[in-house]
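**Q** Below you will find the structure I want to go over with you.
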Amino acid sequence: MYGEAYKSSNRLHRTARKIKRIGNFFFKIRSFTPIPFILALLYFAEPVWYTVGIGALFIAAGEFLRIWAVGYAGASTRARTLGAARDLVTTGPYSYVRNPLYLGNFLLSLGVCFVVNVYWLVAVLVVGYFLQYLPIIAVEESYLMESCGPAYQAYRDRVPRFIPKLRSYPEPSPHDFSWTRAIKSEKRTLTAIACVIGLMFTRQIIGTL
7 MYGEAYKSSN
17 RLHRTARKIK
27 RIGNFFFKIR
37 SFTPIPFILA
47 LLYFAEPVWY
57 TVGIGALFIA
67 AGEFLRIWAV
77 GYAGASTRAR
87 TLGAARDLVT
97 TGPYSYVRNP
107 LYLGNFLLSL
117 GVCFVVNVYW
127 LVAVLVVGYF
137 LQYLPIIAVE
147 ESYLMESCGP
157 AYQAYRDRVP
167 RFIPKLRSYP
177 EPSPHDFSWT
187 RAIKSEKRTL
197 TAIACVIGLM
207 FTRQIIGTL
């Protein structure tokens, strides 16, 4: 009986260590994993006016969510190692969904798929998104559980991971929103969006010459 319990405990620890390694790996390379996806978007792009309009709405929603989130969380969202930021933010968008930045990333990427009018890439996006971010989120949550304990447990129990709830979390943290902090943190993302959209339309213009 005790032997089986010991083996089961060992398996759980090995699984946890494996998830942690995978999560840390994806976290470190998360700035580079979109590159193949972006290249495919640029290669297959066939935008038309209505797909550009639909995509622009998703891009705007995703970037708004990101700016709203980093305005509260600040530079900790740009940490290079998982667990570097262990401050529990439960106000702003974090009072409705636990991972507003990752949700914003998804909406941004979905919007670009609509802009370029390549719908099969949506399936690639969904699969790639969850393969990358689920291990990252699992590790982040374990760090927050270690550092914040019952406070994070209560927050996790009441606020969904991906799909925002309509009612805000009743115990917001004392974080203030800062436009300076938000824009400073989002410069890279805004530049990347502008570059991808610019390259796509440049390719289309050159293709018509």
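Going left to right, the sequence shown walks through residues 7 to 215 as the working numbering numbers them. Note that the Cβ used here is the ideal one computed from N, Cα and C, for glycine as well.
Enumerated in chain order, which unbroken segments of the alpha helix (DSSP H) with a length of 4 residues or greater are wholly contained in the region 26-80?
**A** Listed in chain order, the complete alpha helix (DSSP H) runs (minimum 4 residues) inside the region 26-80 are 40-50, 55-79.
**Q** Count the other CB atoms, across all protein chains shown, that sit within 10 Å of the CB of Val54; report buried if there are 16 or more and exposed otherwise.
**A** On the sequence shown, position 48 is the one that residue 54 refers to. Classification of Val54: exposed, given that the 10 Å Cβ count is below 16.
**Q** When burial is assigned at 16 or more other CB atoms within 10 Å of the CB, is Thr96 buried or exposed?
**A** Locating residue 96 in the sequence shown gives position 90, where the first residue counts as 1. It counts as buried.
**Q** Going by the beta-carbon positions, is the gap between Leu114 and Gly68 smaller than 7 Å?
**A** Residue mapping note: residue 114 aligns to position 108 of the sequence shown, counting from 1. Residue mapping note: residue 68 aligns to position 62 of the sequence shown, counting from 1. Yes, they are a contact pair.
**Q** Check whether the Cβ atoms of Val76 and Glu192 lie closer than 7 Å to each other.
**A** As a first step, residue 76 is located in the sequence shown; it is residue number 70 there, counting from the start. As a first step, residue 192 is located in the sequence shown; it is residue number 186 there, counting from the start. The answer is yes: Cβ separation under 7 Å.
**Q** Jot down the residue ranges of each uninterrupted beta strand (DSSP E) in the region 90-149, minimum 3 residues, whole runs only, in chain order.
**A** Segments of the beta strand (DSSP E) lying fully in the region 90-149: there are none.
**Q** Apart from the five residues on each side of it in sequence, which residues of its chain come closer than 6 Å, Cβ to Cβ, to Ala51?
**A** Taking the sequence shown and counting its residues from 1, one reaches residue 51 at position 45. Correct list, in chain order: Val122, Met206.
**Q** Assign Arg167 to one of three DSSP states: helix, strand, or coil.
**A** Working through the sequence shown from its first residue, we reach residue 167 at position 161. In the structure shown, Arg167 sits in coil (DSSP, three-state: anything other than H, G, I, E or B).
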